[in-house]
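Visitor:
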Amino acid sequence: MKLFGNIVWLLFGGLFLAASWFFIGLLLCITIIGIPFGMQAFKMAILTLTPFGKHVIYTGGVSTIWNILWIVFLIGPMLALGYVISGFICCCTIIGIPFGIQAFKMAKLALWPFGSEIVDDSYAPYARI
């Protein structure tokens with residue numbers, strides 16, 4: 001089921017979104033100051049490429065400062081709002097509910113990317129919290 005969901009996701013926009021996140025990550029990595037933000041964009045690209053079967057683990061810590069900078073300077077709330085809107089649109093139909101849930105998962109990661117890890121669902125219970 002995860003494979004089918006990921007294939008449908010890729011065909012209906014996931015590949016474009018992942019490529020966009022990857023390109024944004026490359027642009028951010030041009031400067032030394034942008035490298036931490038670029039790495040988070042690569043993390044979003046990985047999750048956007050195959051969201052089914054992945055789990056986001058939040059570890060917290062010092063990353064709160066970086067998350068605040070992400071929100072202030074990189075318009076994190078706007079990115080998350082886009083995912084929330086697409087999640088609500090997907091949830092309007094029964095077929096789209098699984099895709100809406102994935103969009104909500106990505107909205108949370110788009111808002112607070114620092115201090116989070118993306119792991120497979122099978123490893124999620126053993127990941128550090």
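full-length UniProt numbering applies: residue 1 is where the sequence shown begins, and numbers increase by one. For every residue, glycine included, the Cβ atom is placed at its ideal position computed from N, Cα and C.
Cβ of Leu11 less than 8 Å from any chain B Cβ?
Guide: Given the protein chain composition of this structure (a single chain), no chain B is represented.
Visitor: If you run the structure through DSSP and keep just helix, strand and coil, what is Ser86?
Guide: helix
Visitor: To the nearest angstrom, report how far apart Asp121 and Val72 are at their CA atoms.
Guide: 31 Å
Visitor: Just tell me which of Ile65, Tyr83, Ser63 has its CA closest to the CA of Lys105.
Guide: Nearest C-alpha to Lys105: Tyr83.
Visitor: In terms of alpha-carbon separation, which member of Leu79, Thr48, Ala41, Thr31 lies closest to Trp9?
Guide: Thr48
Visitor: For a test of the three-state rule: what should DSSP assign to Ile118, helix, strand or coil?
Guide: DSSP places Ile118 in strand when its eight states are reduced to three.
Visitor: Would you tell me roughly how many angstroms separate the C-alpha atoms of Trp70 and Ile97, rounded to the nearest one?
Guide: Distance between the alpha carbons of Trp70 and Ile97: 29 Å.
Visitor: Would you be able to state if there are at least three C-beta pairs under 8 Å between the stretch 76-91 and the stretch 19-36?
Guide: no
Visitor: Have a look at Gln40 and Gly25 and give me their C-alpha separation to the nearest angstrom.
Guide: 8 Å
Visitor: Do Ile46 and Ile101 count as a contact pair if the criterion is CB distance below 8 Å?
Guide: no
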